[in-house]
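Following full-length UniProt numbering, the numbering of the sequence shown begins with 1 at its first residue and continues without gaps.
First the structure, in the form of structure tokens, and then the observations on it.
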Amino acid sequence: MTGKVSKGASAHAAASEHWESDRDGQLSVLSKAGERIDTSGEIWLLAAAKRVNWACMPLAKGPVLHAVQEHVRNLIRTGSADYVFAQFQNLRRLFAAGKSAKFSIDVPEAYDETFFVKIRQALSDVLKRQPAAGNRKARDVDGGRTTAKPKNSRKAFSKGTIANTLDAYRRWFVFCADEEYEGFDQELATVLENQVIGGNPKGRAVLSDDPNEGPLRHVETLALQVRLLAEMQTPPDSLDELLVMWTCMSFGIYPKAMQYLNEEDLIRTDLPDGGVRYELRIPRLKKRGVNPRDEFHVRPVDPRIGKLFEQKKLENQAIWKYAFMGRDSRYMQRPMFPASSRDLSLVGTPFEAHAMRSRKAWFAKQLEHFVERAAIRAEDGSPLRVTARRLRYTFATRLVKEGASPTELAQALDHSDLQHVMVYFNNRSDMVVSLDKAFALRLAPVAQIFMGVVIKNETEALRGDDPASRIHFADSTEQKKTLRPVGSCGSFGFCGLHAHIACYTCFKFQPWLEGPHEKVLEELLREREDLLNRGADLKIVEANDLPILAVAQVVRRCQEIIQYESQTQA
């Protein structure tokens, strides 16, 4: 082991998005509080009365210490000074206990599937050594403070302390796996996130119900899906965000697989009936002993997305024109998501063919930008946190909820065995989300599914002079079932959608301000409840959740407009 992580010499370059070198050479990190924290020395001053001293960390200089420092830098960006200090102390305790138990704590290979159990036992066995009385002072394994206490006083770690330490280890390991540091396995990170720690509420299984780290909630998934559908119809200027989000949601893959995805991996087949079939070859990166592009899994691709991938390949041509200037392009890999320029550190090495691959952090940014641009919120109304890991959890739990067997899930996640997929079944939830009128109205602003424009009446509608543009609704509770208009269609072509239900999710729909939208909402909710009571399949029960939330959003929008107009008139 040479002390390099899998990203080699470029690890600090990849992290440059998060911290900068000041003019005096200090490596500084912008903290959550907005302060520049110098992380170039042995002591990092987090706040006026908070600092961490790396001389106290029982790790030798090398890849593990480097990974811990990168993790703490990331914590500085996202947490308070108190939280960063507490996590540092937890990790210090962890490595001290491991060193005391004669574990090889300085090599990543030590942190395998057995380490969690072994370190839990080591923490349970270790006794904190308290300083002797009088002027004799010593540092205990836990806090690093020097206090005078009776000689030979011993006290075991509390359950809460052990739980905090194990939770800190888990968070550090998951960070390292997400950063793809050598020796930190992605699937082991998934297993760790589902270890029940006990003694601390943070130790509950992540996949069970964690709103920030676990699978996305139903309404959050719907919001992402509808935004994807909308952008598939009117693609943005840059396809990167759309295609990265779609690939993660559809296949549950990690960014590294997208890093090694090449243009040639999009397979187009022209069918005899004039149609086109698209497929994508996904590199099987998790298989040891093989080149990242030696083995593939072929997955079907929605034709609309297939066309966008073809458009992406056309966009890439401008990049290839300059990237391969003066180079023999026959030996260069053409990534589907290329970097804007070559990685000069790879030029002249055996890996030069991969010099145009984007960094993993770039893919994470595409997911973040997609959510920010679409203004998608979490179920509680806070900013939605989306990572490739969360989307993989969502992908897997959805398959389980829809009845996939362990073997089918293992194939979908590209696992060689069933060992790691069982965590999804252990945390399985077959509950269908209950949806009543009040809940639907509350969730509507979160989902942001309605993308049309509310108009006052038909005179303001695009195609308002065309009676055929009217969208009608018949209330099943009425004996005569009179057709009543709810809005106008702004499309000049035949769409083939099931009016009136699908119209509410279409960006060309123009609902009328005085339309019977509440009646439409109540009708859809009655149908859903009836299916639920009859024990219908999950897919059937939740089939209309998109239009339900879209109608609820229209109801709220109309209420807000009417209220505003009445206040203005008053």
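All residues carry an ideal CB built from backbone N, CA and C; glycine is no exception.
On a predicted model such as this, the values are computed, not experimentally measured, just so you know.
| field | Secondary structure of residue 457, DSSP reduced to three states | value | Here DSSP, grouped into helix, strand and coil, assigns residue 457 to coil.
| task | Closer than 8 Å by C-beta to residue 408: which residues in its own chain qualify, once you throw out the five before and the five after it? Chain order, please. | result | Result list for residue 408: 399, in chain order.
| Pairwise C-alpha distance: residue 163 and residue 551 | In this structure, the CA atom of residue 551 is about 46 Å from the CA atom of residue 163.
| field | residue 505 (DSSP reduced to helix, strand or coil) | value | Helix.
| request: Could you name the residues of the same chain whose beta carbon sits closer than 8 Å to that of residue 103, not counting the 5 residues immediately before and after it, in chain order? | output: The residues are 110, 115, 118, 119, 122.
| message | Could you tell me the alpha carbon to alpha carbon distance between residue 269 and residue 211, rounded to whole angstroms? | response | When rounded, the distance between both Cα atoms is 41 Å.
| message | With a threshold of 8 Å, are at least 3 pairs of Cβ atoms found where one atom belongs to the segment 57 to 73 and the other to the segment 181 to 192? | response | A contact exists between the segment 57 to 73 and the segment 181 to 192.
| Separation of residue 260 from residue 282, as counted between CA atoms | Using only the alpha carbons, I get a separation of about 9 Å.
| said: Give me the residue from 349, 316, 364, 168 with the minimum Cα distance to residue 341. | reply: Measuring from the Cα of residue 341, the nearest candidate turns out to be 316.
| So does the segment 505 to 516 actually touch the segment 451 to 465, counting three or more Cβ pairs closer than 8 Å? | Contact holds between the segment 505 to 516 and the segment 451 to 465, because three or more Cβ pairs, one in each stretch, are under 8 Å apart.
| field | Nearest-angstrom Cα separation, counted from residue 177 out to residue 512 | value | If you draw a straight line from the Cα of residue 512 to the Cα of residue 177, it comes to about 51 Å.
| said: Given this structure, state the Cα-to-Cα distance separating residue 160 from residue 438, to the nearest angstrom. | reply: Using only the alpha carbons, I get a separation of about 40 Å.
| request: Could I get the ranges of all uninterrupted alpha helix (DSSP H) runs contained in the segment 216 to 282, with 4 residues as the minimum, in chain order? | output: You should have 218 to 233, 240 to 251, 255 to 259.
| request: Report, in whole angstroms, the separation of the C-beta atoms of residue 413 and residue 248, which I expect to be a contact under 8 Å. | output: Actually they do not touch by this definition, with Cβ atoms about 13 Å apart.
| task | Could you name the residues that DSSP lists as bridge partners for residue 297? | result | Paired residue(s): 282.
| request: Using three-state DSSP, classify residue 345 as helix, strand or coil. | output: It is helical.
| request: Return the Cβ separation of residue 93 and residue 29 in integer angstroms, given the expectation that the two are a contact with Cβ distance under 8 Å. | output: Between residue 93 and residue 29, the beta carbon gap of about 23 Å keeps them out of contact (Cβ cut-off 8 Å).
| field | Rounded separation between residue 465 and residue 547 - CA only | value | Annotation: residue 465 to residue 547 spans about 27 Å, alpha carbon to alpha carbon.
| said: My assumption, with CB atoms under 8 Å, is that residue 375 sits in contact with residue 220. Please give the rounded CB distance. | reply: Not a contact, Cβ separation roughly 13 Å.
| Hey, quick one: how far does the alpha helix (DSSP H) through residue 38 stretch, first residue to last? | Not the alpha helix (DSSP H): residue 38 falls in the beta strand (DSSP E), residues 36 to 38.
| request: Tell me whether the beta-carbon of residue 474 lies closer than 8 Å to the beta-carbon of residue 483. | output: Yes.
| Do you know offhand how far residue 557's Cα is from residue 236's? | The alpha-carbon of residue 557 is positioned some 26 Å away from that of residue 236.
| Spatial distance of residue 34 from residue 333 (CA atoms) | As the crow flies, the alpha-carbon of residue 34 is around 41 Å from that of residue 333.
| task | Would you check if the distance between the CB atom of residue 232 and the CB atom of residue 305 is smaller than 8 Å? | result | Between residue 232 and residue 305, the C-beta spacing is below 8 Å.
| request: Determine which residues share a DSSP beta bridge with residue 53 and list them. | output: Partner(s): 43.
| Can you round the beta-carbon distance between residue 224 and residue 312 to whole angstroms, since I take them to be within the 8 Å contact cut? | Residue 224 to residue 312, Cβ: 20 Å. No contact.
| Three-state secondary structure assigned by DSSP to residue 80 | Reduced to three states, the DSSP call for residue 80 is coil.
| said: Just to check my reading of the structure: residue 195 and residue 171 have Cβ atoms closer than 8 Å, yes? What is that Cβ distance to the nearest angstrom? | reply: Residue 195 to residue 171, Cβ: 12 Å. No contact.
| Should residue 46 be labelled buried (16 or more other beta-carbon atoms within 10 Å of its own) or exposed? | Here residue 46 is buried: its Cβ has 16 or more other Cβ atoms, across all protein chains shown, within 10 Å.
| query | Roughly how many angstroms separate the alpha carbons of residue 285 and residue 101, rounded to a whole number? | reply | Roughly 34 Å separates the two Cα atoms.
| residue 383 classed as buried or exposed, judged by whether at least 16 other C-beta atoms fall within 10 angstroms | Here residue 383 is exposed. Its C-beta has fewer than 16 other C-beta atoms within 10 Å.
| request: With DSSP collapsed to three states, give me the class of residue 206. | output: For residue 206, the pLDDT reaches just 39, beneath the cut-off of 50, and the residue's location in the model is therefore unreliable, although a value from the coordinates is still provided. Secondary structure of residue 206 (DSSP, three-state): helix.
| field | Neighbour-count burial assignment, residue 347, 16 or more Cβ in a 10 Å radius | value | By the 16-neighbour rule on beta-carbons within 10 angstroms, residue 347 is exposed.
| request: Keeping to the same chain, check which residues put their C-beta closer than 6 Å to that of residue 217; ignore five residues upstream and five downstream. | output: If the five residues before and after residue 217 are omitted, its C-beta is found closer than 6 Å to the C-beta atoms of 379, all from its own chain and listed in chain order.
| message | Can you give me the C-alpha to C-alpha distance between residue 293 and residue 266, rounded to a whole angstrom? | response | Looking at the backbone, the Cα of residue 293 and that of residue 266 are separated by about 14 Å.
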